[in-house]
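Numbering (the numbering used here), first residue to last: 8 to 75. Glycine included, every Cβ here is placed at the ideal spot set by N, Cα and C. Since we're looking at a predicted model, the values are computed, not measured. Down below is the structure, laid out as structure tokens.
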Amino acid sequence: MHHPPAPSNQTRCPRCGHPNHCAQAGHAQPVQDCWCFHTTLPAGTLEQRPADTRCLCPACLRALAGPA
Numbered sequence: 008m009h010h011p012p013a014p015s016n017q018t019r020c021p022r023c024g025h026p027n028h029c030a031q032a033g034h035a036q037p038v039q040d041c042w043c044f045h046t047t048l049p050a051g052t053l054e055q056r057p058a059d060t061r062c063l064c065p066a067c068l069r070a071l072a073g074p075a
């Protein structure tokens with residue numbers, strides 16, 4: 008059975024365990040651009056999740072965003 012990795016692994020999606028392709032992962036300073044900066048979500052979507060589980064992969068973020 009597949010289990011998502013612990014949220015402390017910043018390069019993996021805490022929802023599914025796949026790579027999240029986060030530009031910020033592993034960087035101490037904020038980055039200027041990441042794929043997620045260009046994704047529109049309903050207000051409060053990420054705020055409903057614990058802070059250390061918000062860096063999702065593109066597929067999981069699209070699933071949370073709902074229909075386009």
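Bridge-paired residues (DSSP) for residue i
i: P26; result: R19
Residue j beta carbon less than 9 Å from that of residue i
i: Q31; j: Q17; result: yes
i: L2; j: C41; result: In the structure as shown, the chain starts at 8 and stops at 75, and residue 2 therefore has no counterpart that could be examined.
Backbone secondary structure at residue i - three-state DSSP
i: T47; result: coil
i: L53; result: helix
i: R69; result: helix
i: D40; result: coil
i: A32; result: coil
i: A58; result: helix
i: P14; result: Here P14 scores only 46 on pLDDT, less than 50, and its place in the model is too uncertain to base an answer on.
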